[in-house]
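Chains as they are written, first to last, in our numbering: chain A, 22 to 540; chain B, 22 to 540. Think of the CB as a built atom: it goes at the ideal place given N, C-alpha and C, for glycine as much as any other residue. Report on one structure; see the data block that follows.
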């Protein structure tokens, strides 16, 4: 096992993972990259069909032409979320071809990819670098993956590809519509998933790029969210993905009265502290509670005749309604969370697509996330120093991806509406199981029994003083939870590292260790 | 002077220009690049304002912050064409600061830049690499520029930047609308020039990027044709450009009955040979005759109820009308040639913006130009081997840029409607003064006295056999012209090379030499 050092978050992290050198987390804005962006090989039109037709008959043929072989890195995007139909096929083909030791580099994986566990077991896939929601996360937590998983935020994934930390050999891009040249989008066709931004870095930097669609239109496919000039092969299949399943996991608005209360308190806090004002901007992320916040924001804005300059998606029916009502001037969207989002993006030029490059890449000349006035996010745990965790549960299981969560922490005000406890396990703890976001970037914790404001945000403490809202310290909230549930038991880890958590700048902020087997 | 070698076009070209090694032209599709794309330094958000506001008070302050100093390369785009108001100011500032020896790398320069001749004389500017229309071209032809000019096509300019042949230190991007973060577009605002595609490579690869606008809107500037994530500084000025002057030089439809005849013959040829058919595509370029062709195409299409899948811009009122009428499904536009083009691009999602990357870059995985069925272009000269010239006149003066001309030669059929003579000087000659495009890519020459088809295009010769059109050989056309005007006199050049003409792949296809002084 590699040597470990204590990073600026106080966590011990290895200086080498999967045989590659790592930089330990140095603090927010402290690590300054000195290198150059990854430089792909210069292609030439002379090596591509003069009529622009890059279509090959099958995914298998595309993979063979792309030179699929042992040890390669295969990337994919997750705009279909749990409705992805392609990646299981891709690895079935790899298995059939006897290819081994692949690195899968998805922007996220979902329960639909449980099929791949057998390939992780038999060595077809050596490791996954990307969010693992559900069964693959559990498999990894049990120490069963051959390599070490690496989890990155959406922006961190773009950064890693741009900076050459992850070199993609073959990028797979499933698209609602494409032309034979490779121009592709996610807004039209029967398998429209909204947009294709998560595949942007892949298209720009991968050695070979394969676009797969069930709706092959004559050139030009307009709009092109992926540019065919980056694409090597195109394939037509019967079904590129199942868009009905983009509503999955974390994208349904909550019906729980407790969670609705959290959402309402959050909105009230934003109203009381003057965050909701003409020309403001907000992002409410995924997660049932966060989604409900946009509904309450709408109520306040209607009542007070307030208009937002923009809202950041993940878009959903509530945001779309607000856009169409004129409460929001623009939706800047990175991911549609329901089919109303897809429709609106297709029809409304003010429902604008963004990408992890524009929104979240920390290694660029600024990004959009920093310009959002208030962002509402979820968390599995928060600690008394306001550090946040979104990847592991208090039981230590790696069950969620980072998504855009880390990137959104750069917003002007970050609010986490979270229940004080889940299944009688306190959510506010002394120390989070996994540090995914540093406390200095997390401003407000809203629970059903009170709101804690980060002491760094004196302005918010002042602004909320006479609001009548139940402002408490985070210690008070923790103690209240512990009075009811007792102190949370720490998960029982071995020393073995099963996953590394990257910060937005590519440094290692924490690791996840293998769980001890229950006796 | 550098050693010279004979290239595959039969021209003697130097192996070094301005101290930089050159690859002589090797033939169409023969040169295969082996290197990697240019890798810019990795930036970090940590070095940029957290609120996204990159605005500085003046152009001068932006240039100082960007580190303007001797020997740098300053780039600019020409979407305002003869209405550019910024670059003269930029070099006034450079002069005032005592900076010397700059390379100006515009996508094109126009008569409005005559102001810069004094800086070429006093050494503020060492050389121009970019199209020089008018006075700057004449100045160069007289051998007065200190360095050697390099002319590239629009695609070749993207290629040169992408491949690191030209490293831009400071990119200047004048925009109709921008936000303080640097997102910018050319479709809105009082100084809307259409789009900003010519500045795309500059934004992506330059070390420092400055966006200048007279319409600074709150974030987000939608649409963003230039992404603020690439931008270092933004500046608000009183006037960013004069959009009335985008109609200049080559963008007015001809009123000459001779030219209208050429346009009509061209359209008739396309009709007779079956090029105009349902789902076809065309590009009519700039130049009065070419523009008139789109009008005649429209007449034929209306009459025969034919619809085009797409037309490539430069857009103009005729194309826009055809789009709105439903004769064309999409305009894929790289440059608006009049204000109707700007309006349509702003309002109509099927009037789609392209860039030199998508349309013309030869060092990518294909490009759009190759997928166009027929392209109508101009030329100053054509020779009996169908080689074309667009940069020099028969008098040897360097007076025009290449524009997208070379890139468009990759279209399926290339037609040049040209008068048999201009000012009693034959246009069809034994050997063009400057080879800008190789004859193997030029298919048809339409003159008022007959149409010559490249012998390589047996299909077109066959298809036009019984058309009743005056099909002749190119030799016949040349002889007819010479009977009337006599043989064209060759320009009287010295040995001194004043400009190099790059092919689409960065190789040197020809050079322009200094003219002897007239006695």
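### Message
Helix, strand or coil, according to DSSP, for residue 153 of chain A in the structure here?
### Response
strand
### Query
Mind checking residue 33 of chain A: buried by the 16 CB within 10 Å criterion, or exposed?
exposed
### Query
Does DSSP classify residue 186 of chain A as helix, strand or coil?
Coil, per DSSP.
### Message
To the nearest angstrom, how far is the alpha carbon of residue 536 of chain A from that of residue 509 of chain A?
### Response
16 angstroms
### Message
Along the segment 326-353 of chain A, where does the CB come closer than 8 angstroms to a CB of chain B? Name the residues.
### Response
330, 331, 351 and 353
#### Entry: Local Cβ density within 10 Å of residue 320 of chain B, reported as buried at 16 or more and exposed below that
The C-beta of residue 320 of chain B has fewer than 16 other C-beta atoms within 10 Å across all chains shown, which makes the residue exposed.
### Query
Among the residues of its own chain, which have a CB less than 6 angstroms from the CB of residue 137 of chain B, if the five just before and after it don't count?
Closer than 6 angstroms at the Cβ level, and outside the excluded window around residue 137 of chain B, lie 112.
### Query
So is residue 249 of chain B in contact with chain A if we call contact Cβ pairs under 9 angstroms?
yes
### Task
Report the option in A/507, A/291 and A/317 whose CA atom is closest to the CA atom of residue 275 of chain A.
A/317
### Task
Determine the closest residue to residue 208 of chain A out of A/331, A/218 and A/65, with distance taken between C-alpha atoms.
A/218
### Query
Going by the beta-carbon positions, is the gap between residue 520 of chain A and residue 494 of chain A smaller than 9 angstroms?
no
#### Entry: Beta-carbon proximity check, residue 399 of chain B vs residue 310 of chain B, cutoff 9 angstroms
Yes, they are a contact pair.
#### Entry: DSSP three-state assignment for residue 416 of chain B, whether helix, strand or coil
coil
### Query
Could one say the Cβ of residue 270 of chain A lies closer than 9 angstroms to chain B's Cβ atoms, at least one of them?
In this prediction, residue 270 of chain A scores a pLDDT of 48, lower than 50, which makes its location untrustworthy; the coordinate-derived value is nonetheless stated afterwards. No - not a single Cβ of chain B is within 9 angstroms of the one on residue 270 of chain A.
### Query
Given residue 349 of chain B, which residues of its chain have a CB within under 6 angstroms of its CB, disregarding the five upstream and five downstream residues?
329, 332 and 343
### Query
Which ranges does the alpha helix (DSSP H) cover as unbroken runs of at least 4 residues, wholly within the segment 259-336 of chain B, from first to last along the chain?
278-293 and 309-325
### Query
Taking residue 360 of chain B as the reference, which of B/379, B/223 and B/339 has the closest Cα?
B/339
### Task
Compute the Euclidean distance between the alpha carbons of residue 315 of chain A and residue 305 of chain A, then round it to the nearest angstrom.
6 angstroms
### 9 angstroms Cβ cutoff, residue 96 of chain A in contact with chain B
no
### Message
Tell me which residues share the same chain as residue 190 of chain A and place their Cβ nearer than 6 angstroms to its Cβ, disregarding the 5 neighbours each side in the sequence.
### Response
93, 94 and 228
### Task
Please say whether residue 241 of chain A and residue 351 of chain B have beta carbons closer to each other than 9 angstroms?
Inclusion of residue 351 of chain B and residue 241 of chain A in the CB contact set at 9 angstroms is warranted, their separation being smaller than that value.
#### Entry: Below-9 angstroms beta-carbon distance, residue 88 of chain A vs any chain B residue
no
### Query
In three-state DSSP terms, what is residue 179 of chain A?
helix
### Message
Which runs of the alpha helix (DSSP H) at least 4 residues long sit entirely within the segment 116-148 of chain B? Give them in chain order.
### Response
List check, alpha helix (DSSP H) in window: 138-143.
### Task
Name, please, each residue of chain A whose Cβ falls closer than 9 angstroms to the Cβ of residue 67 of chain B.
49, 50, 51, 52, 53, 383 and 526
### Query
Should residue 70 of chain B be labelled buried (16 or more other beta-carbon atoms within 10 Å of its own) or exposed?
exposed
#### Entry: Cutoff 9 angstroms: residue 518 of chain A Cβ touching any chain B Cβ
no
### Query
Does at least one heavy atom of the ligand PLP sit under 8 angstroms from the Cβ of residue 397 of chain B?
Absence of the ligand PLP is noted for the structure shown, with no ligands found whatsoever.
### Task
Using a Cβ cut-off of 9 angstroms, pull out every chain A residue sitting near residue 484 of chain B, in sequence order please.
In chain order: nothing, as chain A lies at least about 19 angstroms away.
### Task
Determine the chain B residues that contact residue 101 of chain A at a beta-carbon separation under 7 angstroms, and present them in chain order.
The premise fails here: residue 101 of chain A is roughly 24 angstroms from chain B at the closest Cβ pair, so nothing lies under 7 angstroms.
### Counted within 10 angstroms of its Cβ, other Cβ atoms place residue 551 of chain A as buried (16 or more) or exposed
No answer is possible for residue 551 of chain A: the residues shown for chain A start at 22 and end at 540.
### Query
Of all Cβ atoms in chain A, is any one closer than 9 angstroms to the Cβ of residue 184 of chain B?
Among the residues facing chain A, residue 184 of chain B is included, as its CB has a counterpart in that chain under 9 angstroms away.
### Query
Should residue 476 of chain B be labelled buried (16 or more other beta-carbon atoms within 10 Å of its own) or exposed?
exposed
### Query
Buried or exposed: where does residue 496 of chain B fall if 16 or more other Cβ atoms within 10 Å of its Cβ makes it buried?
exposed
### Among A/285, A/514, A/354 and A/341, nearest to residue 471 of chain A - alpha-carbon criterion
A/285
### Message
Between residue 373 of chain A and chain B, is any beta-carbon pair separated by less than 9 angstroms?
### Response
Flagged as an interface residue toward chain B: residue 373 of chain A, by a C-beta distance shorter than 9 angstroms.
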